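Remarks on the structure that follows.
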Amino acid sequence: MSIWDIQAPLYHLQRSLWPLSTILRNETHLAGRLLANWPQTNGWALDLGSGPGHSFPLLPAALLRVAVDRSPAM
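To convert a position in the sequence shown, counted from 1, into this note's numbering, add 721.
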C-alpha cells in the first residue's frame, strides 16, 4: 500500500474544488495545445504516474496509449 492508496479519494475531491479545479483546467488546456503539435504518426506514448488519467484523452488517437500508476486507486 502506498500513500496514494489513502490519498486518492481526497486527491479527486481536492482537484474538483476551486482553486485547484481552475489550475487543472488551465493545465489541461495548455497540455492539449502542446500535444496538438505532436506528429500524428503511429507509435506509442507511455504516461507514467498517470493518476486519474486526465492527460490520457489529450494524446493523439494514432498512438498506442499506455497509462500506468503505482496506486490502483488513482
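Glycine residues also receive a C-beta, built at the ideal position from the N, C-alpha and C atoms. This one's a predicted model, so the numbers in the text were calculated from it and none came from an experiment.
Annotated three-state conformation of L785 is strand, per DSSP. For D726, the uninterrupted alpha helix (DSSP H) run begins and ends at 724 to 737, by DSSP.
Across the set R736, R786, N763, the C-alpha of R786 shows the shortest separation from the C-alpha of L769. Residue pairing by DSSP places W765 opposite L785 in a beta bridge.
Exposed is the label assigned to L738, since fewer than 16 other Cβ atoms lie within 10 Å of its Cβ.
Looking only at W759, L784, G753, the smallest Cα-Cα distance to S776 is reached by G753. Residue nearest to N758 within the set L780, S792, M795, P773 is L780 (criterion: CA-CA distance).
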